[in-house]
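> Numbering (this note's numbering), first residue to last: 20 to 297.
Where is the CB? At the ideal position from N, CA and C, for every residue including glycine.
These numbers were taken from a predicted model, which means no experiment stands behind them.
So that we are looking at the same thing, I have put the structure below in structure tokens.
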Ligand SMILES: [Fe+2]
Ligand SMILES: [Fe+2]
């Protein structure tokens, strides 16, 4: 398949029958760059399942307002429109992540928790944007696996048999990896530019020109959560942190140990809070 055709197919994952109805509707709302805060709020409020999920996520350690947000409109005010757009996608993508690859949701959520912890340490002004980028960084895997299910099973199998990183195995089949595929979708869904760039370069963080710190944090969090053995990202390796990211984040050994402990605490708390329907 040529690249153009592949891109066309990947971009249209929102038309797949496996995509939940609510996500299809949601994409229409957020695809529209002019959608206002109240339109999005009304849309979420009209769906009780979506509302309860949004409240669970905003009250989870991913966002750092544990148990304090009680309404969708309050979430919109506290987190801002762009963050809520991304978070809504994350929330509704949860189901498709589960369908796409067992363990991918845990990997993504763990990465988001880690990214938030790091963003706070680095005193980043909008830590929520960092967690969203981390939550959605592997969205390309979802698209590839849902759109080309049989091929993706082969990709996973080949990764295991030949001891390859999942991204290498994807490239062997498709010539592009989930990072490029994820950027295509992010563009098509009108994500903010920084988010598109972080998704595209999360495995090549030195190429991020506009949001190097955001991309570095996603890159680092992805590796930290793999090292923790939390969730499954398509292979069981822990890749090396890119030297440019070590330089940029400049963590000491003791800080890394502290971050590990914080992740442990946050994930322990979140286990019962996220998406376990009572
Ligand atoms: Fe990745
Ligand atoms: Fe990842």
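#1: When you compare only the Cα positions, how much space is there between residue 75 and residue 214?
#2: Would you check whether ligand 2 has a heavy atom nearer than 7 Å to the C-beta of residue 252?
#3: For the stretch 162-179 and the stretch 232-242, state whether three or more C-beta atom pairs, one from each stretch, are separated by less than 8 Å.
#4: Within 10 Å of its beta-carbon, does residue 203 have 16 or more other beta-carbons around it, so buried, or fewer, so exposed?
#5: Are the beta-carbon atoms belonging to residue 278 and residue 260 less than 8 Å from one another?
#6: What is the DSSP secondary structure of residue 54, reduced to helix, strand or coil?
#7: State buried or exposed for residue 62, treating a residue as buried only when at least 16 other CB atoms are found within 10 Å of its CB.
#8: List the endpoints of the continuous alpha helix (DSSP H) containing residue 141.
#9: Quick one: using the 10 Å Cβ neighbour count with 16 as the cut-off for buried, is residue 60 buried or exposed?
#10: If we count the other Cβ atoms within 10 Å of its Cβ and call it buried at 16 or more, is residue 291 buried or exposed?
#11: Would you call the stretch 186-196 and the stretch 20-39 touching, i.e. three or more CB-CB distances under 8 Å?
#12: Does any C-beta atom of chain C lie closer than 8 Å to the C-beta of residue 27?
#13: Exposed or buried, residue 297, counting other C-beta atoms within 10 Å across all chains shown (16 or more means buried)?
#14: Could you check whether the Cβ of residue 217 sits closer than 7 Å to any heavy atom belonging to ligand 1?
#15: Do the CB positions of residue 257 and residue 245 come within less than 8 Å of each other?
#16: Skipping 5 residues on each side, what residues in its chain have a beta carbon closer than 6 Å to that of residue 156?
#17: Hey, would you say residue 116 sits closer than 8 Å to residue 127, going by beta carbons?
From the atom records:
#1: Mapped onto the chain shown, residue 75 falls at position 56. Mapped onto the chain shown, residue 214 falls at position 195. Cα-Cα distance, rounded: 23 Å.
#2: Position 233 of the chain shown, counted from the first residue, corresponds to residue 252. Distances between the C-beta of residue 252 and the heavy atoms of ligand 2 include at least one below 7 Å.
#3: The stretch 162-179 vs the stretch 232-242: no contact.
#4: Along the chain shown, one-based indexing puts residue 203 at 184. It is buried - the Cβ of residue 203 has at least 16 other Cβ atoms within 10 Å.
#5: Taking the chain shown and counting its residues from 1, one reaches residue 278 at position 259. Taking the chain shown and counting its residues from 1, one reaches residue 260 at position 241. No, these two residues do not count as a Cβ contact at 8 Å.
#6: Residue 54 sits at position 35 when you count from the first residue of the chain shown. The answer is coil: DSSP assigns residue 54 none of H, G, I, E or B.
#7: Taking the first residue of the chain shown as position 1, residue 62 is located at position 43. Residue 62 should be labelled buried.
#8: Residue numbering aside, residue 141 sits at position 122 when the chain shown is read from its first letter. Where residue 141 is concerned, there is no enclosing alpha helix (DSSP H), given that its DSSP letter is neither H nor E.
#9: Within the chain shown, residue 60 is the residue found at index 41, counting from 1. Its Cβ being crowded by 16 or more others within 10 Å, residue 60 is buried.
#10: Here residue 291 refers to the residue found at position 272 of the chain shown. Because residue 291 carries a pLDDT of 47, less than 50, the predicted location of this residue cannot be relied on, and no value is offered for it.
#11: yes
#12: As a matter of chain content, chain C is missing from the structure shown, which is built from one protein chain.
#13: The residue labelled residue 297 in the question sits at position 278 within the chain shown. Model confidence at residue 297 stands at a pLDDT of 38, short of 50, so the residue's coordinates are unreliable; what they give is reported in the following sentence. Residue 297 comes out exposed.
#14: Taking the chain shown and counting its residues from 1, the one referred to as residue 217 is at position 198. No, ligand 1 has no heavy atom inside 7 Å of this Cβ.
#15: Looking up residue 257 in the chain shown gives position 238. Looking up residue 245 in the chain shown gives position 226. With contacts defined by Cβ atoms closer than 8 Å, residue 257 and residue 245 form a contacting pair.
#16: The count along the chain shown starts at 1 and reaches residue 156 at position 137. The beta carbon of residue 156 sits closer than 6 Å to the beta carbons of 218, 221, 237 from its chain, once the five residues preceding and following it are set aside; these are given in chain order.
#17: Stepping through the chain shown from its first residue, residue 116 is reached at position 97. Stepping through the chain shown from its first residue, residue 127 is reached at position 108. Yes, they are a contact pair.
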